[in-house]
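J.:
Chains as they are written, first to last, in the numbering used here: chain A, 1 to 179; chain B, 1001 to 1179; chain C, 2001 to 2179; chain D, 3001 to 3179.
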């Protein structure tokens, strides 16, 4: 979720309250790597969002967002996928709660491969096959489907912020693909 | 796969050759727990096969079978699901090769919770959502869909052979359900 | 972590602030199932804490506690294990961040198998082998080591609160044991 | 395990019998990525073996070998680690049977990222912390400990055969490291 969009979110917390909490507690997130799979379950493409960052540069991101109070993790995944890919993406949220990794985002770069200048966020990361039509929503400029090989391209990786390039590669590794 | 069916399998190995290999090498298997999931990915039911065992008693089993020479693990899963649930089960084979557990079946009971009098088999176990119509095939008498609660019923568990009752509970645990 | 102990914690948040956050955000936790393993990595015993609950009844719990702001998940695991098992438990915190499950504790019982009357907590659950001397700390009355078979005893399960009995069984399932 | 060493193995199967089985059945393997971890469980180094391949070129490999008939997976891991790293490596074999991936080695390159000219092998892959002294055994020329950064070096990757470079990166991804 981009900074802009976060502020527009129908808020359980006011922006001031969220800012206060962010200075005090790790914030629980979910990250989703949307994928296209064939009939054998083999991944053919991975979905990456294009946005403008705060300084007007194009950057690439995975689907990502906060888990709300009293919200199940699987409902947070569904909500953020719908928010970013639209209402007919037909996501197949994993039946098991076991994430493929846990990404720890720190405000200070270098503590982990993941970085979020706004907050200390801890994110449960899942690969989510989507079977329906996907279209970029809100402030996303585009949604790109990359083959596993394209996802490893240094140019693509360089445009991914906050460590999402690493997360995409970790997802590919979990999928049994070359990284 | 039942003993009878195994022998009927279009064989890469003759029965004599398979019997010889079984006395010398661990045999690679896949086990699948077929599940029905709702739109949120929550499991609503687990599929269990009813068969007659060698002595004419009704027993319950999961989908299970050998991985063939030069066969991908995901293709073995698809083949055994089609063999047991029919051609229109529409299985969603996991995109990742990581199984939820590895079940080691020994000819001697008690070495592990899993037992196979015919052989030392090592099985990669996956939960596989199926979205289509399922019908028992070949020598299966019936296919029963159990709720997670029903799957824990001691009567059901008592009818499951070779440790498949334990495997079903391990699958439920992996799915985040009470066991 | 018991309610009493939580309040005694050297606080990043005052008690009032934590109470306010608990009403607004899911709180990130870690749960640890301490185990004894033999030289082959096989689990021989699982560690369970005995405490008095708010009404003076004996109850059993796993090691559990909050992840603090700017704290790595692995450091939270180490801190809570030291707090509950003492400074020479020699825990072997997993090298991978992938938890065996994610337990979602809701204030309303029945939403998931996990329940916490104080808050919506989401907990990353790990099995942690401990190689050193363990002794109950603070308000724990005792630390009991249970064999995998004893851990399944209905009497033991009945004394475990907040769904920790289910979590213990899910850990056993992940360890390849009968449940 | 190198081709030479395989032939020297105290055989459950004669070499002829093993060769025959290899032409008929997938052979079950274990792959181990030996790692050094600090007190917090963080990986500091990964162990890679140096050998001469059949044509006298230096190549790098992970610990790898067959699971024998009637052998538990964890005992196969211990046996191959002792065979390659010596008797006092003090490996901490994982308590759970869940591998971080399953590597499918095909005689034909390109089917998967993994390749074995001798056979169709399916390998359960584990990260195994070793706490003791390690020394290269048998036909290994050396054992090198690489930092996570060094393990990603293209020169190192180019010397790893059969897809072990990919497996090393998949292990790093599972460990939450940049890849």
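Ideal placement from N, C-alpha and C gives every residue a C-beta, glycine not left out.
When you compare each of D/3087, D/3112 and D/3075 to residue 3093 of chain D by their alpha carbons, which one comes out closest?
T.: D/3075
J.: Which of the three DSSP states, helix, strand or coil, is assigned to residue 167 of chain A?
T.: Helix at residue 167 of chain A.
J.: Decide if residue 3016 of chain D is buried, meaning its Cβ has at least 16 other Cβ atoms within 10 Å, or exposed.
T.: Residue 3016 of chain D comes out exposed.
J.: Can you name the residues of chain D whose CB is closer than 8 Å to the CB of residue 137 of chain A?
T.: Result: empty, since nearest Cβ-Cβ is about 29 Å, beyond 8 Å.
J.: Can you find a CB in chain C that lies within less than 8 Å of the CB of residue 61 of chain A?
T.: no
J.: Going by DSSP, what residue range makes up the beta strand (DSSP E) through residue 61 of chain A?
T.: 58-61
J.: Does the CB of residue 3179 of chain D have a neighbour CB from chain A at under 8 Å?
T.: yes
J.: With 8 Å as the threshold, decide whether the Cβ of residue 1041 of chain B is near any Cβ in chain A.
T.: yes
J.: When the distance is taken between beta carbons, is residue 102 of chain A closer than 8 Å to residue 131 of chain A?
T.: no
J.: Give me the chain A residues within the contact set of residue 3170 of chain D, using Cβ-Cβ distance strictly less than 7 Å, ordered along the chain.
T.: 173 and 179
J.: Reducing DSSP to helix, strand and coil, say where residue 1115 of chain B ends up.
T.: In the three-state reduction of the DSSP assignment, residue 1115 of chain B falls in the strand class, which pools E and B.
J.: Which chain B residues sit within Cβ distance under 8 Å of residue 3021 of chain D?
T.: 1021, 1024 and 1025
J.: Under 8 Å between beta-carbons, which chain B residues line up against residue 2101 of chain C? List them in chain order, please.
T.: 1173, 1174 and 1176
J.: Rounded to whole angstroms, what's the CA-CA distance from residue 2160 of chain C to residue 118 of chain A? Just pull it up for me.
T.: 39 Å
J.: Opposite residue 2106 of chain C in the DSSP bridges: which residues?
T.: C/2115
J.: Going by beta carbon distance, what residues of the same chain come within less than 7 Å of residue 13 of chain A, once the five residues before and after it are set aside?
T.: 21
J.: For the stretch 103-111 of chain A and the stretch 140-154 of chain A, state whether three or more C-beta atom pairs, one from each stretch, are separated by less than 8 Å.
T.: Taking 8 Å as the limit for Cβ pairs, the verdict is that the stretch 140-154 of chain A does not touch the stretch 103-111 of chain A.
J.: Determine the chain A residues that contact residue 3166 of chain D at a beta-carbon separation under 9 Å, and present them in chain order.
T.: 173, 177, 178 and 179
J.: What are the residues that DSSP puts in a beta bridge with residue 2033 of chain C?
T.: C/2127
J.: Could you give the DSSP three-state label for residue 23 of chain A: helix, strand or coil?
T.: coil
J.: Can you check which of these residues, B/1023, B/1041 and B/1162, is closest to residue 1064 of chain B by C-alpha distance?
T.: B/1162
J.: Specify the secondary structure class of residue 1084 of chain B as computed by DSSP and reduced to three states.
T.: helix
J.: Please classify residue 1091 of chain B as buried or exposed, where buried requires at least 16 other C-beta atoms within 10 Å of its C-beta.
T.: Classification of residue 1091 of chain B: buried, given that the 10 Å Cβ count is 16 or more.
J.: As a quick exercise: from C/2061, C/2046, C/2045 and C/2044, pick the residue whose alpha carbon is nearest that of residue 2052 of chain C.
T.: C/2061
J.: Kindly list the residues whose CB is nearer than 8 Å to the CB of residue 2111 of chain C, restricted to its own chain and excluding five residues on each side of it in sequence; keep chain order.
T.: Closer than 8 Å at the Cβ level, and outside the excluded window around residue 2111 of chain C, lie 2104.
J.: What residues from chain D crowd round residue 2028 of chain C, counting only those whose CB sits closer than 9 Å?
T.: Those within 9 Å of residue 2028 of chain C in chain D number zero; the least Cβ separation is about 16 Å.
J.: Do we get a CB-CB distance below 8 Å when we pair residue 73 of chain A with the residues of chain C?
T.: yes
J.: Roughly how many angstroms lie between the CA atoms of residue 1120 of chain B and residue 1071 of chain B, to the nearest whole one?
T.: The alpha-carbon separation between residue 1120 of chain B and residue 1071 of chain B amounts to approximately 20 Å.
J.: When the Cα of residue 1134 of chain B is compared with those of B/1154, B/1049, B/1175 and B/1113, which residue comes out closest?
T.: B/1049
J.: Against chain D, with Cβ distances strictly below 8 Å, would residue 109 of chain A count as a contact?
T.: no
J.: What residue from C/2024, C/2023 and C/2137 has the CA that sits closest to residue 2089 of chain C's CA?
T.: C/2137
J.: Would you list the residues sitting across from residue 1048 of chain B in a DSSP beta bridge?
T.: B/1144
J.: Does any residue of chain C have a CB that is nearer than 8 Å to the CB of residue 1113 of chain B?
T.: yes
J.: Would you identify the three-state DSSP class for residue 1054 of chain B, choosing helix, strand or coil?
T.: coil
J.: With 8 Å set as the bound, which would you pick, yes or no: does the beta-carbon of residue 150 of chain A sit closer than that to a beta-carbon of chain B?
T.: no
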